[in-house]
Amino acid sequence: MPSPAREESKGESGQAEDGAADSDDRERGTAARLVCALEMEMTNCSLRGNSKVDCVTCDGLINRNGGDSAEVSVPLSLPGKRTAPMEGDNLYRLRDRKFLLEDKKRLCALALGTAVLGILLMIIHAELCPFIYKPGSNIALIINCSISLSTGCLLVFIIAFHYKDIRLFIIDHNQVDWRIAMTSHRVLVITLELLVCVIHPVGTYWDVGLHVNSSSSAPLCVSDHHGEALMDMELLLSVLMFLRLYLVHRTILLHSKVLLSASYRSIGSLNNINFTFRFVLKVLMNKYPGRTLLVFILFFWLTASWMLTLCERKTQESTGHMDTALWLIAITFLTVGYGDVSPNTSCGKAVCLFTGVMGVACTAMLVAVVTKTLALNKGEKHVHFFMLDIQISKRIRHAAANVLRECWLLHRTNLTKGNRGEHRRHQRCLLEAIRVFRHLRLKQRKLRDYVSEMVDLPKMQMIMCDLSANWNNSYRELEQRILSMEQKLDELSRCFQQTSELLSQVLRHRNPEIRLTTLTAPI
Numbered sequence: 016m017p018s019p020a021r022e023e024s025k026g027e028s029g030q031a032e033d034g035a036a037d038s039d040d041r042e043r044g045t046a047a048r049l050v051c052a053l054e055m056e057m058t059n060c061s062l063r064g065n066s067k068v069d070c071v072t073c074d075g076l077i078n079r080n081g082g083d084s085a086e087v088s089v090p091l092s093l094p095g096k097r098t099a100p101m102e103g104d105n106l107y108r109l110r111d112r113k114f115l116l117e118d119k120k121r122l123c124a125l126a127l128g129t130a131v132l133g134i135l136l137m138i139i140h141a142e143l144c145p146f147i148y149k150p151g152s153n154i155a156l157i158i159n160c161s162i163s164l165s166t167g168c169l170l171v172f173i174i175a176f177h178y179k180d181i182r183l184f185i186i187d188h189n190q191v192d193w194r195i196a197m198t199s200h201r202v203l204v205i206t207l208e209l210l211v212c213v214i215h216p217v218g219t220y221w222d223v224g225l226h227v228n229s230s231s232s233a234p235l236c237v238s239d240h241h242g243e244a245l246m247d248m249e250l251l252l253s254v255l256m257f258l259r260l261y262l263v264h265r266t267i268l269l270h271s272k273v274l275l276s277a278s279y280r281s282i283g284s285l286n287n288i289n290f291t292f293r294f295v296l297k298v299l300m301n302k303y304p305g306r307t308l309l310v311f312i313l314f315f316w317l318t319a320s321w322m323l324t325l326c327e328r329k330t331q332e333s334t335g336h337m338d339t340a341l342w343l344i345a346i347t348f349l350t351v352g353y354g355d356v357s358p359n360t361s362c363g364k365a366v367c368l369f370t371g372v373m374g375v376a377c378t379a380m381l382v383a384v385v386t387k388t389l390a391l392n393k394g395e396k397h398v399h400f401f402m403l404d405i406q407i408s409k410r411i412r413h414a415a416a417n418v419l420r421e422c423w424l425l426h427r428t429n430l431t432k433g434n435r436g437e438h439r440r441h442q443r444c445l446l447e448a449i450r451v452f453r454h455l456r457l458k459q460r461k462l463r464d465y466v467s468e469m470v471d472l473p474k475m476q477m478i479m480c481d482l483s484a485n486w487n488n489s490y491r492e493l494e495q496r497i498l499s500m501e502q503k504l505d506e507l508s509r510c511f512q513q514t515s516e517l518l519s520q521v522l523r524h525r526n527p528e529i530r531l532t533t534l535t536a537p538i
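Numbering follows my numbering, in which position 5 of the sequence shown is assigned residue number 20; successive positions increment by one, without gaps.
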């Protein structure tokens with residue numbers, strides 16, 4: 016038999032263990048809430064970009080500097096407790112993720128700027144070379160070296176961007192080995208991007224040191240003695256440099272407010288929405304449809320016109336001039352095609368074919384935008400159909416009155432036995448009034464059927480809320496009635512019990528023999 020002292024000691028030790036467990040649970044909950052708050056704060060800071068995380072100290076403090084304000088240190092763990100490794104890793108991952116996103120945005124903007132700079136230098140080189148300076152000159156060599164230098168910088172930016180992307184993938188998926196992120200699709204994308212960005216004209220390097228005839232009439236910055244093959248290759252490389260503009264969609268995606276907004280990302284993650292360029296383009300087309308189409312059409316018009324002049328320049332035809340190329344691209348884009356001007360080279364025909372395809376696509380989008388602009392919204396539709404219904408109802412009443420009038424005139428003609436011509440005239444007027452009345456009734460029925468097909472979700476929701484409220488009120492009234500019935504039944508049962516007791520007492524006082532028999536009956 017255990018002693019009372021031992022039982023008391025066991026009880027005290029059990030209470031101490033329970034208290035320690037409760038305190039540990041409270042501390043873990045407090046630490047988890049603190050870490051969650053820090054994660055939210057760091058996410059908001061990464062979105063705003065105003066505050067900057069300086070360092071994470073060894074004792075688990077995060078120091079934030081906000082300009083001239085004093086440093087604010089937030090402990091990652093409670094005093095006397097060591098932070099769990101997972102919590103510290105999460106904070107480091109959030110900080111690294113913020114820095115990587117900023118680096119990706121910066122590298123993408125630099126890559127697009129370098130690509131546009133290379134394209135502009137190529138255009139200047141192609142426009143000035145045959146007329147201002149000759150192939151193989153020092154100016155041509157400097158411009159071509161600048162194009163090559165911009166191409167090298169662009170390749171460096173592309174490699175650095177994908178390096179940051181791989182690190183971000185590793186942080187998001189909590190992986191250690193970078194080779195896990197190198198899938199076949201990613202390797203293919205990186206290879207294609209590098210191949211597209213490395214394309215640039217290199218014909219000027221072959222002309223260095225050669226004595227070029229000053230009367231050379233080559234349309235490109237390549238001397239005539241290299242032959243037709245080099246000119247075609249230089250032309251193809253110059254046109255393919257425009258493929259670098261694929262970086263525009265990546266820049267728009269990374270710098271869009273949709274991707275930077277925490278509310279967009281939270282709601283999108285709850286609804287399994289991927290924030291790709293397609294989603295951002297849909298948002299822009301819904302928010303700024305006219306501006307988006309206008310900017311794209313103007314940019315495409317100018318770019319395709321210059322590409323056509325570059326392709327047709329060696330034919331020495333009118334299509335090699337910018338004004339004629341602008342006219343040809345415009346009528347091809349609008350799918351008119353007067354036939355007064357046509358391309359002569361295969362490159363020019365390909366440019367015109369691509370322009371026609373893009374014109375059909377842009378025309379379809381323009382029709383959709385105009386249709387959406389001219390369409391009535393929900394409130395305007397309700398007002399319009401309501402007024403149409405009122406007007407048709409008035410016309411139906413007038414048509415019914417005409418039918419009654421013609422019936423009375425026909426009846427009066429029958430009574431007076433007038434001439435048959437007047438009788439036939441009233442019959443025709445009656446049939447016409449009946450036809451108009453039936454036509455208006457059919458028109459009103461079609462209008463109401465169309466209005467009934469327009470499902471008004473807010474109105475339906477209000478109706479359902481009213482029905483739900485009515486059902487709740489009815490249910491409460493029914494409950495109250497049931498409770499009142501139960502109370503009345505209890506009162507009736509008490510009344511019946513009291514009545515039975517009174518009856519038994521009266522019977523006992525009036526007939527004592529019955530009371531005696533009831534007392535002696537069990538014996």
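Cβ coordinates follow ideal geometry from the N, Cα and C atoms, glycine included.
Taking the C-alpha atoms as reference points, what is the distance between H524 and L518?
-> As a working mapping, residue 524 is identified with position 509 in the sequence shown. As a working mapping, residue 518 is identified with position 503 in the sequence shown. Roughly 10 Å separates the two Cα atoms.
Just the C-alpha distance for G374 and P216, rounded to the nearest angstrom, thanks.
-> Stepping through the sequence shown from its first residue, residue 374 is reached at position 359. Stepping through the sequence shown from its first residue, residue 216 is reached at position 201. In this structure, the straight-line span from the alpha carbon of G374 to that of P216 is close to 29 Å.
Taking DSSP as the reference, what is the three-state secondary structure of E570?
-> Outside the modelled stretch of the chain, which goes from 16 to 538, sits residue 570, for which no answer is possible.
How is H270 classed by DSSP in three states: helix, strand or coil?
-> Taking the sequence shown and counting its residues from 1, the one referred to as residue 270 is at position 255. The answer is coil: DSSP assigns H270 none of H, G, I, E or B.
Given V521, which residues of its chain have a CB within under 8 Å of its CB, disregarding the five upstream and five downstream residues?
-> Reading the sequence shown from its first residue, position 506 is the one you call residue 521. By the criterion of a C-beta distance shorter than 8 Å, V521 is surrounded by no residue of its chain, once the five residues flanking it on both sides are discounted.
Please name the residue in F294, K409, D180 whose C-alpha comes closest to that of V273.
-> Counting from one through the sequence shown, the residue named residue 273 turns up at place 258. Nearest C-alpha to V273: F294.
Beta-carbon gap between E327 and T334 smaller than 8 Å | Within the sequence shown, numbered from 1, the residue matching residue 327 stands at position 312. Within the sequence shown, numbered from 1, the residue matching residue 334 stands at position 319. Yes. Within cutoff.
How is the alpha helix (DSSP H) around A175 delimited, first residue to last?
-> Taking the sequence shown and counting its residues from 1, one reaches residue 175 at position 160. For A175, the enclosing alpha helix (DSSP H) starts and ends at 153–187.
Terminal residues of the continuous alpha helix (DSSP H) containing A390?
-> Against the sequence shown, residue 390 aligns to sequence position 375. Note, A390: premise wrong, no alpha helix (DSSP H); not H, not E.
Would you mind giving the Cβ-Cβ distance between C168 and T129, rounded to the nearest angstrom? I have them listed as a contact below 8 Å.
-> Counting from one through the sequence shown, the residue named residue 168 turns up at place 153. Counting from one through the sequence shown, the residue named residue 129 turns up at place 114. The beta-carbon separation of C168 and T129, rounded to 5 Å, stays under the 8 Å limit for a contact.
Is DSSP giving L522 helix, strand or coil here?
-> Working through the sequence shown from its first residue, we reach residue 522 at position 507. Three-state result, L522: helix.
Backbone CA spacing between S84 and N189 [nearest angstrom] = Along the sequence shown, read from residue 1 onward, the residue named residue 84 stands at position 69. Along the sequence shown, read from residue 1 onward, the residue named residue 189 stands at position 174. Residue placement at S84 cannot be trusted, given a pLDDT of 36 that sits under 50; what the coordinates show is reported in the next sentence. Their backbone Cα atoms lie some 35 Å apart in a straight line.
With hydrogens ignored, establish whether the beta-carbon of L317 is closer than 7 Å to any heavy atom of the ligand MG.
-> Ligands displayed in this structure: none; no statement on the ligand MG is therefore possible.
Go through its chain and collect everything with a Cβ distance to G371's Cβ below 6 Å, but skip five positions before and after it.
-> In the sequence shown, residue 371 corresponds to position 356, counting from 1. Taking C-beta separations shorter than 6 Å and ignoring five residues to either side along the sequence, the partners of G371 in its chain run T347, following chain order.
Exposure of G81, with buried meaning 16 or more beta-carbon neighbours within 10 Å = Along the sequence shown, read from residue 1 onward, the residue named residue 81 stands at position 66. Confidence at G81 is low in this model, with a pLDDT of 36, below 50, so its placement is unreliable and no value can be given for it.
Below 8 Å between beta carbons: does that hold for I158 and L125?
-> Sequence index remark: in the sequence shown, residue 158 carries index 143 (1-based). Sequence index remark: in the sequence shown, residue 125 carries index 110 (1-based). It is not a contact, given that the beta carbons lie outside the stated cut-off.
Quick one: grab the DSSP three-state call for A196.
-> Counting from 1 along the sequence shown, the entry for residue 196 is found at position 181. Residue state, collapsed to three classes: coil.
Buried or exposed: which applies to G363, given that a residue is buried once 16 or more other Cβ atoms fall within 10 Å of its Cβ?
-> Along the sequence shown, read from residue 1 onward, the residue named residue 363 stands at position 348. Result: buried.
Is A1 buried or exposed, if buried means 16 or more other CB atoms sit within 10 Å of its CB?
-> The structure shown has nothing for residue 1, since the chain only spans 16 to 538.
From L424 to R463, what distance separates their C-alpha atoms?
-> Taking the first residue of the sequence shown as 1, we reach residue 424 at position 409. Taking the first residue of the sequence shown as 1, we reach residue 463 at position 448. Using only the alpha carbons, I get a separation of about 34 Å.
Should I162 be labelled buried (16 or more other beta-carbon atoms within 10 Å of its own) or exposed?
-> Within the sequence shown, numbered from 1, the residue matching residue 162 stands at position 147. By the neighbour-count rule (16 or more Cβ atoms within 10 Å), I162 is buried.
Contact check, K179 vs D118 under 8 Å by CB: the rounded distance?
-> Counting from one through the sequence shown, the residue named residue 179 turns up at place 164. Counting from one through the sequence shown, the residue named residue 118 turns up at place 103. With a Cβ gap of about 5 Å, K179 and D118 count as contacting.
Out of A155, C123, L122, L127, point me to the one whose CA is closest to I138's CA.
-> By one-based count along the sequence shown, residue 138 stands at place 123. Considering only alpha carbons, the answer is A155.
Note the first and the last residue of the continuous alpha helix (DSSP H) segment covering L341.
-> Here residue 341 is taken as the residue at index 326 of the sequence shown, counted from 1. Residues 337–348.
Under 8 Å between the Cβ atoms of M256 and I134?
-> Counting from 1 along the sequence shown, the entry for residue 256 is found at position 241. Counting from 1 along the sequence shown, the entry for residue 134 is found at position 119. I134 is positioned such that its CB atom lies closer than 8 Å to that of M256.
Helix, strand or coil for T370 per DSSP?
-> Along the sequence shown, one-based indexing puts residue 370 at 355. The DSSP-derived three-state label of T370 is helix.
Would the beta-carbon of F452 fall within 8 Å of that of A484?
-> Looking up residue 452 in the sequence shown gives position 437. Looking up residue 484 in the sequence shown gives position 469. A484 is positioned such that its CB atom lies no closer than 8 Å to that of F452.
Cβ pair V211, L251 closer than 8 Å = Translated into the one-based positions of the sequence shown, residue 211 becomes position 196. Translated into the one-based positions of the sequence shown, residue 251 becomes position 236. Going by C-beta atoms, V211 is not nearer than 8 Å to L251.
Excluding five sequence neighbours on each side, which residues of the same chain lie with their C-beta closer than 8 Å to the C-beta of Y148?
-> Counting from 1 along the sequence shown, the entry for residue 148 is found at position 133. Excluding sequence neighbours, Y148 sits near I154, A155.
Alpha carbon to alpha carbon, how far is V171 from G143? Give it in angstroms, no decimals.
-> The residue given as residue 143 occupies position 128 in the sequence shown. The residue given as residue 171 occupies position 156 in the sequence shown. Sequence inspection shows Leu at residue 143; the Gly mentioned does not correspond to that position. Rounded to the nearest angstrom, the two C-alpha atoms are 29 Å apart.
Check each candidate in I205, S276, K396 and name the one with the smallest Cα separation from L262.
-> One-based indexing of the sequence shown puts residue 262 at position 247. Out of I205, S276, K396, I205 has the C-alpha closest to the C-alpha of L262.
Thinking L341 and S320 are a contact (beta carbons under 8 Å), I'd like their distance in whole angstroms, please.
-> By one-based count along the sequence shown, residue 341 stands at place 326. By one-based count along the sequence shown, residue 320 stands at place 305. The Cβ separation is near 5 Å, so the contact holds.
Give every residue of the same chain whose Cβ lies closer than 6 Å to the Cβ of S165, excluding the five residues on either side of it in the sequence, and list them in chain order.
-> The count along the sequence shown starts at 1 and reaches residue 165 at position 150. Hits under 6 Å: T129, L132, G133.
Close-in-space but distant-in-sequence residues of the same chain around H177 (CB under 6 Å, 5 per side omitted) = In the sequence shown, residue 177 corresponds to position 162, counting from 1. The answer, listed in chain order, is I205.
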